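Comments concern the structure below.
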Amino acid sequence: MLTLSKSRLSYKIVGSLILIFLLTFMTLATVVSMVFENTILVSEKQKADLLLRTIEKPLQIALYLKFYDQIEEKVSPVVSVPDVTELVIFDQNEKELYSYKSKENIASRHEAISVTHEIKEPTSGQLMGSVILRYSDLAYDETRKSIQKIVYGVGASIFVIFFVAVWWVRFLLSPLTKIAKKVRYYKPGDQMVFEEEGSVEIEQIVTAFNAMQKTTQDYLAQIEAMNASLEITVQEKTHELENQYYIDRLTGLPNRYRLQERLAQGEPIALAVVNVDDFKEVNDFFGISIGDEMLIQIGTWLKELSGGCYRLGGDEFALVFNELSHKELEHRLTMLIKLLDEKTFMVKEESLNIRVTIGVAMGSEKVLTQADIALHHAKENKKQIAFYNEDEGVEEHYRTNLTMASNVRRALFERRIICYYQPIVDIETGNIVKYETLVRMIDESGNIVPPMQFLPIAKQTKLYPQITLEVIYQACTLFALRDEEFSINLSDSDIRNPHTVSEIIKTITDTGTASRIVFEILESEGIENYDEVTRFITQVKALGAKIAIDDFGTGYSNFENILKLGVDYIKIDGSLIREIAINPRHRIIVETIIDFAKKIDARTIAEFVSDEVIYNTIEEMGVDYSQGYFSGKPISLS
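The numbering used here numbers the first residue of the sequence shown as 753 and each following residue consecutively.
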């Protein structure tokens, strides 16, 4: 009985020790695993965040310059990382610009780790878009599942032994209670010291935990070293990108972006925009390589002379001056121009001299824009230096032009560019036999806008060829159903534009109006480009079209060129017709034109016939056709 009792007690002690060991081990393993799991998750998120930061600057530049086709190249270092499962880039309107999804099927109970960064403009800080990175959490998920299995086992074991050993465990686990208290507040990076006491089993647990703690610390040290390496790489790449973004590659000077960044600080300065006159001729005559070397030397010379020099692009530089009065600044820039007049640049054994035009503005707000306005003012008035003057209203003039250009663009899109047609009367019969096509624009309020208000601005933009083609289309479509001849004015730029000429020929062919259309060419424009005009006339005349010289008598009236062109009509300029009944000199000129036209078998059309006296006078002189308010005002025929 005693033996059995002792045996049972031994069993109880051994069993209790085993149970206590298991319970202690499971408890420590759970705590350490939780800490380890959290450490891995934090580490994975940090890696994902650092990966995003390596491409944040390149993406910022690509989105700012709208180089969307370069996005895939910029993000390639990130999407090549095996653990990256998805990368999506949106613009500020949440429109997807780029999307990458890993082809590998990574199984995970939870979604991958997700990190989102906003991308803002480098200058204004406005939101340009966002990038979302999803990073594989497979390692984290596997660790969590293993820990869960252990926890479930520990829970089941505790449930079974609780009723048997609760009173005994309290006594035997006193050393483990101390360990648990320390583990409870453990954080990654902490160094905990455990006393190996109580029993062999306790000593083994402590030894194992210390080894696990050392492994965790070594892993954290590796992560910190990797983070430090990534941070250095990011800093190096950021510095490299900043140099590319803020430094002009050709001259090595700070560029427009660096200047704008400085101006954004609100420091009152004087800014001079220096434009090299006729620099295109240097490129055309000597080649781009010599032109580039010339720009480098000019930039170096300006920097040495003034200090604060920036290259704005092309053949323009900017000079920044601090604390100078208007008079001092004008004197310094005048001296700069004189020195530049005496300066000879040597480029590949070529001696080159240049002249510049300078626009100057002083202040802290919009100074770059104002200096640019002053530069344009100087060029328009053929000055070498011009200071910005708000009282001249140049900005308001530019704003008006921009508004009108925008209105013309919308009018084209909304089909509010229309055609009016002015009758041309055969003086012999008194019948309307022709119409001249005149363009008009209808504004958003329904009012008619005359051409002199919008055509000059359209000619300065890419909108003018579209207006020409719209007029050609409308007129040809209308007169395809009528019998009269109709004329359309063409400018020098129309004739020199291969696309416009091609579309004109296609339209008159498709509508069957080639034999009834008359192209009016301004003497002051077309004749100066004689070869191109001849080529155009040859093309359209082969199709049956006719040619008229418009405003004849206002220029030098090169009769020899007109003979070569073989024109069908000569339109006598209105400045001669208005006073023909009272001005003998005008009458002599018109008589000469009529006589010349008859000798070359061309018909004459008098413009601006405003009353019966003028009409009777030109009828008496032998003019063939009359055009003006007396014969008929411009009207809509549609």
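Ideal placement from N, C-alpha and C gives every residue a C-beta, glycine not left out.
Only a predicted model underlies this, so the values are computations on that prediction, with no experimental measurement involved.
Whether residue i touches residue j by CB criterion (9 Å)
i       : j       : result
Ile871  : Gln812  : yes
Leu1085 : Ile1110 : yes
Ala1130 : Leu1023 : no
Asp1067 : Lys1100 : no
Val1191 : Phe1238 : no
Val1160 : Val1025 : no
Ile1240 : Gly1305 : no
Leu745  : Met1114 : Residue 745 lies beyond the residue range present for the chain, which begins at 753 and ends at 1390; the question has no answer from this structure.
Ile841  : Gly905  : no
Tyr816  : Leu849  : no
Val833  : Tyr852  : no
Tyr1377 : Asp1235 : no
Cys1171 : Val1119 : no
Asn1027 : Val1108 : yes
Tyr839  : Arg886  : Sequence inspection shows Leu at residue 839; the Tyr mentioned does not correspond to that position. Going by C-beta atoms, Leu839 is nearer than 9 Å to Arg886.
Exposure of residue i, with buried meaning 16 or more beta-carbon neighbours within 10 Å
i       : result
Ile1370 : buried
Tyr1187 : buried
Lys1055 : buried
Gln1379 : buried
Asp1363 : exposed
Arg1167 : exposed
Asp1325 : buried
Ile1219 : buried
Phe1288 : buried
Asp1303 : buried
Phe1069 : buried
Thr1003 : buried
Leu1154 : exposed
Gln965  : buried
Whole-Å CB distance - residue i paired with residue j, under 8 Å assumed
i       : j       : result
Glu1284 : Ile1329 : Rounded, the Cβ-Cβ distance is 29 Å, inconsistent with contact.
Tyr1225 : Thr1259 : 6 Å
Leu1427 : Cys1061 : The structure shown does not extend to residue 1427, since the chain is modelled only from 753 to 1390, so the question has no answer here.
Trp1053 : Lys1090 : Their Cβ separation, rounded to whole angstroms, is 14 Å, which puts Trp1053 and Lys1090 out of contact at 8 Å.
Ile1341 : Gln1291 : With a Cβ gap of about 32 Å, Ile1341 and Gln1291 do not count as contacting.
Glu808  : His869  : 6 Å
Gln1174 : Gly877  : With a Cβ gap of about 56 Å, Gln1174 and Gly877 do not count as contacting.
Met1046 : Leu1104 : 6 Å
Ala1467 : Val867  : Nothing about residue 1467 can be reported from this structure: the residues present for the chain run from 753 to 1390 only.
First through last residue of the beta strand (DSSP E) which encompasses residue i
i       : result
Glu1237 : 1237 to 1242
Ser851  : 848 to 853
Pro1175 : 1169 to 1178
Asp1303 : 1298 to 1304
Lys1293 : That residue, Lys1293, is in no beta strand (DSSP E); its alpha helix (DSSP H) goes 1282 to 1293.
Lys1118 : It is not in any beta strand (DSSP E) - Lys1118 carries neither H nor E in the DSSP assignment.
Val867  : 865 to 872
Thr1356 : 1355 to 1358
Lys1186 : 1184 to 1194
Gly881  : 879 to 887
Chain-order list of residues whose beta-carbon lies under 7 Å from that of residue i (same chain, five-residue window excluded)
i       : result
Ile1301 : Ile1273, Glu1275, Ile1314, Val1319, Ile1322, Lys1323
Thr1263 : Cys1228, Thr1229, Ala1232
Ala798  : The sequence as given places Gln at residue 798; Ala does not occur at that position. Asn979.
Met1373 : Val1342, Glu1343, Ile1346
Ile1200 : Arg1192, Ile1194
Glu1019 : Ser1116
Sequence-distant residues of its chain with Cβ nearer than 6 Å to residue i (five each side left out)
i       : result
Ala1163 : Ile1169, Met1193
Arg1014 : none
Gly1039 : none
Ser759  : At Ser759, the pLDDT of 39 sits below 50, so the modelled position is not reliable; the number obtained from the coordinates is stated separately. Same-chain partners within the cutoff: there are none.
His1338 : Leu1328, Glu1331, Ile1332
Pro1203 : Val1191
Endpoints, the alpha helix (DSSP H) within which residue i is located
i       : result
Asp1347 : 1336 to 1351
Gly1051 : 1040 to 1058
Glu1364 : 1364 to 1373
Ile1256 : 1250 to 1262
Lys826  : 823 to 831
Gly1318 : From DSSP, Gly1318 is part of no alpha helix (DSSP H); its letter is neither H nor E.
Val1223 : 1216 to 1231
Ile1106 : Per DSSP, Ile1106 belongs to no alpha helix (DSSP H) and is neither H nor E.
Leu1015 : 1008 to 1015
Residues near residue i in its chain [Cβ-Cβ closer than 8 Å; skip 5 each side]
i       : result
Tyr998  : Pro1006, Asn1007, Tyr1009, Arg1010, Glu1013
Leu802  : Asn979, Leu982, Glu983, Val986
Tyr1150 : Ile1125
His1251 : Pro1217
Val831  : Leu839, Tyr852
Contact with chain B by residue i, beta-carbon distance below 9 Å
i      : result
Gln987 : The chain inventory of the structure shown lacks chain B, comprising one protein chain alone.
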